[in-house]
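Trainee:
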Amino acid sequence: MAQLTYRDAVAAAMAQEMRRDPNVVLLGEDVAAAGGVFKATVGLLDEFGPKRVKDTPISEQAILGATMGAAMTGLRPVADLMFSDFFAVCWDIVANQIAKTRYMTDGQVTLPLVIRSANGGGSRFGAQHSQSVENWAMNIPGLKIVAPAFPGDVKGLLAAAIRSDDPVLFFEQKSLYATKGEVPDGEHVIELGKANVVREGSDVTIVALALMVPRALKAAEILKEQHGIDATVIDLRCLVPLDTQTILREVAKTGRLVTVEENPRLCGWGAEIASIVAEELFWDLDGPIVRITTPHIPLAAANNLEDEQLPNADRIVAGVRQLVD
Amino acid sequence: MNVLMPQLGETVAEGTVANWHKKVGDTVAVDELLFDVETDKVSMEVPAIAAGVITKILVPAGTTVDVGTVLAVIDSGAEATASTTTAQPAAPAPQSPPAASAAPTARAAAPETPPSWYAAMPPSMNEATEQYSPRASGEGSSAAVAEAPSQAAQRDGHRRLSPAVRRIAAEYRVDLDSVEGSGRDGRITRRNIVEFIQTKKNQPQQQTVATGTSAAEQLAAAPAARAGRPAPPAAPASAGAVLPFTRIRKLTADHMVRSKATSPHVLQAVEVDFFRVDQVRKTLREAFKARHGHSLTYLPFIAHAVCQALHEFPNLNSSVQGDGLVIHENVNLAIAVDLGAEGLVAPVIKFANKLSVSQLASAINDVSSRARGGKLKPDDFSGGTYTLSNSGTFGTLITAPIINQPQVAILSTDGVRKKPVVLETSEGDTIAIRPVGILAQSFDHRAVDGAYSAAFLDKVRKLLENSHWLVEV
Chain A
114 MAQLTYRDAV AAAMAQEMRR DPNVVLLGED VAAAGGVFKA TVGLLDEFGP
164 KRVKDTPISE QAILGATMGA AMTGLRPVAD LMFSDFFAVC WDIVANQIAK
214 TRYMTDGQVT LPLVIRSANG GGSRFGAQHS QSVENWAMNI PGLKIVAPAF
264 PGDVKGLLAA AIRSDDPVLF FEQKSLYATK GEVPDGEHVI ELGKANVVRE
314 GSDVTIVALA LMVPRALKAA EILKEQHGID ATVIDLRCLV PLDTQTILRE
364 VAKTGRLVTV EENPRLCGWG AEIASIVAEE LFWDLDGPIV RITTPHIPLA
414 AANNLEDEQL PNADRIVAGV RQLVD
Chain B
36 MNVLMPQLGE TVAEGTVANW HKKVGDTVAV DELLFDVETD KVSMEVPAIA
86 AGVITKILVP AGTTVDVGTV LAVIDSGAEA TASTTTAQPA APAPQSPPAA
136 SAAPTARAAA PETPPSWYAA MPPSMNEATE QYSPRASGEG SSAAVAEAPS
186 QAAQRDGHRR LSPAVRRIAA EYRVDLDSVE GSGRDGRITR RNIVEFIQTK
236 KNQPQQQTVA TGTSAAEQLA AAPAARAGRP APPAAPASAG AVLPFTRIRK
286 LTADHMVRSK ATSPHVLQAV EVDFFRVDQV RKTLREAFKA RHGHSLTYLP
336 FIAHAVCQAL HEFPNLNSSV QGDGLVIHEN VNLAIAVDLG AEGLVAPVIK
386 FANKLSVSQL ASAINDVSSR ARGGKLKPDD FSGGTYTLSN SGTFGTLITA
436 PIINQPQVAI LSTDGVRKKP VVLETSEGDT IAIRPVGILA QSFDHRAVDG
486 AYSAAFLDKV RKLLENSHWL VEV
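First to last, the sequence lines map onto chains A and B. Each residue of the first sequence is one higher than the one before, counting from 114 in the numbering used here. Each residue of the second sequence is one higher than the one before, counting from 36 in the numbering used here.
#1: Could you spell out where the beta strand (DSSP E) holding Ala-371(B) opens and where it closes?
#2: Once the 5 residues before and after Pro-354(A) are set aside, which same chain residues still bring their CB inside 8 Å of it?
#3: Given Ala-321(A), which residues of its chain have a CB within under 6 Å of its CB, disregarding the five upstream and five downstream residues?
#4: Which residues in chain E sit within 8 Å of Trp-396(A), going by Cβ to Cβ distance?
#5: On the DSSP bridge assignment, give the partners of Trp-504(B) in chain order.
#6: Taking 7 Å as the cut-off, decide whether the C-beta atoms of Gly-408(B) and Val-383(B) are in contact.
#7: Can you pull the chain A neighbours of Arg-219(B), defined as C-beta to C-beta under 8 Å?
#8: Please tell me whether Gly-239(A) has its Cβ less than 7 Å away from any Cβ of chain B.
#9: DSSP state of Pro-377(A), grouped into three classes?
#10: Could you tell me which whole alpha helix (DSSP H) segments of length 4 or greater appear in the segment 279-344 of chain B?
#11: Between Ala-107(B), Thr-98(B) and Gly-97(B), which lies nearest to Gly-87(B) when the distance is taken from Cα to Cα?
#12: Hey, is Ala-126(B)'s beta-carbon within less than 7 Å of any beta-carbon in chain A?
#13: Using DSSP's beta-bridge definition, name the partner residues of Met-79(B).
#14: Residue range of the alpha helix (DSSP H) that Glu-385(A) falls in?
#15: Please confirm whether Thr-224(B) has its beta-carbon closer than 7 Å to some beta-carbon of chain A.
#16: Going along chain B in order, which residues have a C-beta closer than 9 Å to the C-beta of Asp-399(A)?
#17: For Leu-223(A), collect the residues of the same chain with a Cβ closer than 6 Å to its Cβ; drop the 5 residues on either side in sequence, then sort them by chain order.
#18: What first and last residue would you give for the alpha helix (DSSP H) that runs through Asp-427(A)?
#19: Is there at least one non-hydrogen atom of the ligand FMN closer than 6 Å to the beta-carbon of Val-320(A)?
#20: Does the segment 232-245 of chain A come close enough to the segment 406-420 of chain A that 3 or more CB-CB pairs lie under 8 Å?
#21: Does Gly-234(A) get closer than 7 Å to chain B when you measure Cβ to Cβ?
#22: Measure the alpha-carbon distance for Val-281(A) versus Asp-358(B) and round it to whole angstroms.
#23: Going by DSSP, which residues form a beta bridge with Glu-258(A)?
#24: Going by DSSP, name the residue or residues bridged to Glu-295(A).
#25: Within a Cβ cutoff of 6 Å, which residues of the same chain sit near Asp-399(A), ignoring the five residues on either side of it in sequence?
#26: With DSSP run on the structure shown, which of helix, strand or coil describes Tyr-207(B)?
#27: Chain B beta carbons: is any one of them nearer than 7 Å to that of Gly-381(A)?
#28: Once the 5 residues before and after Ala-259(B) are set aside, which same chain residues still bring their CB inside 6 Å of it?
#29: Using a Cβ-Cβ distance cut-off of 7 Å, determine whether Asn-54(B) contacts chain A.
#30: Can you round the beta-carbon distance between Val-214(B) and Ile-203(B) to whole angstroms, since I take them to be within the 8 Å contact cut?
#31: Are the C-beta of Gly-96(A) and some C-beta of chain B separated by less than 7 Å?
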């Protein structure tokens with residue numbers, strides 16, 4: 114078991130899969146010579162050469178168009194979109210083409226591709242480079258959505274994403290790139306669509322994703338120590354497929370649900386989970402469902418305001434206490 | 036060998052493991068109880084089909100999986116050596132006792148300020164999204180919100196109860212006035228009521244609480260795992276109280292709605308003179324009872340006539356599939372059995388068209404007594420092609436039954452009563468007293484038309500009225 118950073122885990126997963134399958138290739142802006150703008154692909158060019166690790170011109174549409182074509186003709190490409198905000202210029206390719214091809218060809222053409230991107234806030238990049246855009250993708254049938262919180266999961270889930278025959282959007286939280294964690298040595302693959310119960314408690318179930326997972330865990334410690342409230346924390350890891358079984362099981366145990374989302378409020382994934390829980394577990398709920406999100410406004414440029422907007426441990430503590438106390 | 040999720044009916048695609056009777060490391064014998072499974076309509080016990088040691092349990096209780104999924108592994112060669120090897124996966128941690136600081140605290144009424152995510156939006160945006168706000172925004176509209184909900188609730192003496200507390204209170208008939216609430220404004224939390232029930236249970240003289248393994252475990256467990264809980268005693272529901280559906284009630288409700296939505300039902304009925312049937316029943320009554328241990332009712336005669344008639348009208352012994360009708364070769368007759376509070380089931384008599392009246396009588400007696408004893412096996416529910424529903428014991432006149440999907444017809448047998456009947460004879464009409472009952476069939480108008488169904492019913496009637504039943508029995 115090695116201690117790796119979140120960004121090193123990306124490179125480790127890429128290398129693992131590129132060694133295993135010669136069809137796996139990586140393309141994107143500055144992924145080769147520079148090792149990625151977030152240094153998440155360092156060493157890949159040296160090991161696998163310029164044919165399999167390709168720098169591209171600055172055109173996100175071109176990157177994803179080439180990725181789609183590569184996948185259609187037999188490769189397993191991984192595209193690096195850099196900032197996830199750039200999905201906004203790529204939606205025709207992603208939403209109308211990539212997501213629908215397998216269905217519209219009646220399964221004759223699969224697109225085993227991965228689009229990696231640096232998602233989310235907390236790193237002082239301003240409103241146009243800090244968004245949590247996983248909900249944008251969640252509206253489109255045909256895409257799998259992964260957003261890990263820990264380096265070990267980065268490696269295992271990215272490997273599984275590359276092996277998936279369906280297109281996967283892999284959201285790396287850019288504020289987590291420097292965090293460290295244990296990553297299993299050797300081949301490591303985690304099945305997509307399995308949430309992880311990262312803390313067990315009896316009073317309330319907190320469901321979180323990516324950057325919100327460590328914050329929810331911190332909040333859970335404060336709740337236990339200062340308020341005697343024992344929280345379960347679920348790391349969703351994937352939005353599609355969504356592990357509703359784990360969510361329902363853990364919410365049924367405590368009777369209380371709090372979702373913590375980095376995205377702006379309206380139509381966030383937490384609303385979907387709240388709706389599922391209300392439908393399936395209404396008679397087990399011991400209180401209203403609470404959603405903690407970023408307010409429904411663009412992220413501020415000022416550091417102190419950005420920190421204020423994103424849900425933090427204190428806000429999670431307050432949200433849970435409002436429900437449980 | 037692998038233990039698979041059984042197929043419990045032809046339309047059933049998945050099942051839920053309700054609980055395991057064995058754990059990893061246990062030795063199991065053939066036909067020994069292994070686990071309980073729940074599915075559309077039924078909850079049943081599944082015995083082991085091989086002897087050996089359980090080496091793996093892959094699907095924990097409470098989990099729903101597809102038919103055919105491997106649930107556990109039995110090592111048939113390991114009987115002798117087993118028992119100490121594999122430990123069971125750790126059970127979920129028990130609920131910790133309520134924390135000291137969770138004592139009731141006086142609280143202000145519900146906040147009048149809007150939630151932070153909402154307040155942070157500029158006025159132009161937040162007017163547009165006002166509909167999303169659970170409360171009117173702060174100033175300006177406070178007049179519209181006369182008082183905070185909790186104040187109003189307390190003044191009116193209403194209780195604000197969570198859905199979980201409501202459900203548990205209804206199921207266990209808990210008098211909420213005697214439960215102390217530790218939640219905000221003295222609200223009763225789920226833990227309060229669970230602990231209340233536990234305390235009551237530990238006082239044997241007060242048997243108001245249903246027995247079970249552990250009330251707390253059952254109440255707190257996921258709903259799928261909760262199905263084993265005892266049925267709530269039939270209590271007069273207080274006005275306005277919500278009596279939550281039991282699992283079987285809900286499944287029945289879903290099936291009925293689905294059937295009505297799927298099949299355009301048409302009801303047709305014929306009046307049948309059971310004179311000949313009655314004569315045979317009278318003749319054989321004592322001998323039959325002595326030989327078979329149960330009495331000879333009208334139902335096996337009707338079942339026999341239906342099977343014969345279906346041979347001539349096979350389109351009623353079928354299922355609609357896509358744009359076509361799948362005709363079944365044999366009649367697998369489902370018999371609706373009422374289990375009272377446990378709901379309604381329809382076990383199937385396979386190859387009913389090959390059975391004599393007395394064999395049908397024994398088969399009907401067998402499935403209905405096993406249904407009442409909860410001893411039906413998965414296979415008893417599969418493959419039904421036509422259903423008989425018998426309300427006759429209550430003396431009903433006519434019943435419009437709902438089709439048991441994916442079948443296309445169902446026959447209701449109602450009460451048989453003595454009535455004056457006009458008989459046409461060669462010496463002129465005469466009035467006789469005859470045992471008469473109505474047979475009512477609902478059929479799926481997608482599958483057949485009214486004339487076809489009517490001709491079938493006429494055939495059933497003629498068979499019942501004219502057969503030489505002593506020969507058929």
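For glycine and all other residues, C-beta sits at the position ideal for the given N, C-alpha and C. Source: prediction; values computed, not measured.
Mentor: Considering the structure as presented:
#1: To locate residue 371(B), count along the second sequence from 1; it is residue 336. Per DSSP, the continuous beta strand (DSSP E) segment holding Ala-371(B) begins and ends at 368-373.
#2: Here residue 354(A) is taken as the residue at index 241 of the first sequence, counted from 1. Taking C-beta separations shorter than 8 Å and ignoring five residues to either side along the sequence, the partners of Pro-354(A) in its chain run Lys-257, Leu-305 and Gly-306, following chain order.
#3: Against the first sequence, residue 321(A) aligns to sequence position 208. Answer for Ala-321(A): Ala-329 and Val-373, listed in chain order.
#4: Among the chains of the structure shown, chain E does not appear; the protein chains present are A and B.
#5: As a working note, residue 504(B) is residue 469 in the second sequence. According to DSSP, Trp-504(B) bridges with nothing at all.
#6: To locate residue 408(B), count along the second sequence from 1; it is residue 373. To locate residue 383(B), count along the second sequence from 1; it is residue 348. At the C-beta level, Gly-408(B) and Val-383(B) stay beyond 7 Å of one another.
#7: To locate residue 219(B), count along the second sequence from 1; it is residue 184. Chain A residues near Arg-219(B): Asp-438.
#8: Position 126 of the first sequence, counting from 1, holds the residue named residue 239(A). In terms of beta-carbon proximity, Gly-239(A) stays away from the interface with chain B, with every pair separated by 7 Å or more.
#9: Residue 377(A) sits at position 264 when you count from the first residue of the first sequence. Here Pro-377(A) sits in strand by DSSP.
#10: If only complete runs of 4 or more residues are kept, the segment 279-344 of chain B shows the alpha helix (DSSP H) at 282-297 and 310-327, in order along the chain.
#11: Mapped onto the second sequence, residue 87(B) falls at position 52. Of Ala-107(B), Thr-98(B) and Gly-97(B), the residue nearest in Cα terms is Ala-107(B).
#12: To locate residue 126(B), count along the second sequence from 1; it is residue 91. Note that Ala-126(B) scores a pLDDT of 41, beneath 50, so its modelled location is shaky; the value from the coordinates is reported in the next line. With 7 Å as the cut-off, Ala-126(B) does not count as an interface residue toward chain A.
#13: Indexing the second sequence from 1 puts residue 79(B) at position 44. Paired residues: Val-72(B).
#14: The residue labelled residue 385(A) in the question sits at position 272 within the first sequence. Taken as a continuous stretch (DSSP letters only), the alpha helix (DSSP H) holding Glu-385(A) covers 382-394.
#15: For the purposes of this step, residue 224(B) is taken as the residue at position 189 of the second sequence. Taking CB atoms only, Thr-224(B) has a neighbour in chain A less than 7 Å away.
#16: For the purposes of this step, residue 399(A) is taken as the residue at position 286 of the first sequence. Within chain B, the residues near Asp-399(A) are Ser-197, Pro-198, Ala-199, Val-200, Gly-218, Thr-224, Arg-225 and Arg-226.
#17: Residue mapping note: residue 223(A) aligns to position 110 of the first sequence, counting from 1. Rather than Leu, the amino acid found at residue 223(A) in this sequence is Thr. The residues Arg-215 and Asp-278, in chain order, have a CB closer than 6 Å to that of Thr-223(A) in the same chain once the five nearest residues on each side in sequence are set aside.
#18: The residue given as residue 427(A) occupies position 314 in the first sequence. Note, Asp-427(A): alpha helix (DSSP H), 426-437.
#19: Absence of the ligand FMN is noted for the structure shown, with no ligands found whatsoever.
#20: The segment 406-420 of chain A vs the segment 232-245 of chain A: in contact.
#21: If you number the first sequence from 1, residue 234(A) lands on position 121. In terms of beta-carbon proximity, Gly-234(A) stays away from the interface with chain B, with every pair separated by 7 Å or more.
#22: For the purposes of this step, residue 281(A) is taken as residue 168 along the first sequence, with counting starting at 1. For the purposes of this step, residue 358(B) is taken as residue 323 along the second sequence, with counting starting at 1. Roughly 37 Å between the two C-alpha positions.
#23: Position 145 of the first sequence, counting from 1, holds the residue named residue 258(A). At residue 258(A) the sequence reads Ile, which differs from the Glu that was named. Partner(s): Leu-282(A) and Val-353(A).
#24: Along the first sequence, one-based indexing puts residue 295(A) at 182. Glu-295(A) pairs with Gln-116(A).
#25: Your numbering for residue 399(A) matches position 286 in the first sequence. Excluding sequence positions up to five before and after Asp-399(A), its CB lies within less than 6 Å of the CB of Gly-368 and Arg-369, all in the same chain and listed in chain order.
#26: What you label residue 207(B) is simply residue 172 of the second sequence in a count that begins at 1. Coil.
#27: Your numbering for residue 381(A) matches position 268 in the first sequence. No, because no Cβ of chain B sits closer than 7 Å to the Cβ of Gly-381(A).
#28: Taking the first residue of the second sequence as position 1, residue 259(B) is located at position 224. With a pLDDT of 38 at Ala-259(B), under the threshold of 50, the modelled position of that residue is not reliable, and the figure given next carries that caveat. Shown here for Ala-259(B): same chain residues with a beta carbon closer than 6 Å to its own, the five before and five after excluded, namely Thr-51 and Gly-97 in chain order.
#29: Position 19 of the second sequence holds residue 54(B). With 7 Å as the cut-off, Asn-54(B) does not count as an interface residue toward chain A.
#30: Indexing the second sequence from 1 puts residue 214(B) at position 179. Indexing the second sequence from 1 puts residue 203(B) at position 168. The distance from the Cβ of Val-214(B) to that of Ile-203(B) is about 10 Å, inconsistent with a contact at the 8 Å cut-off.
#31: In the structure displayed, chain A extends from 114 to 438; residue 96(A) sits before or after that span and is not available.
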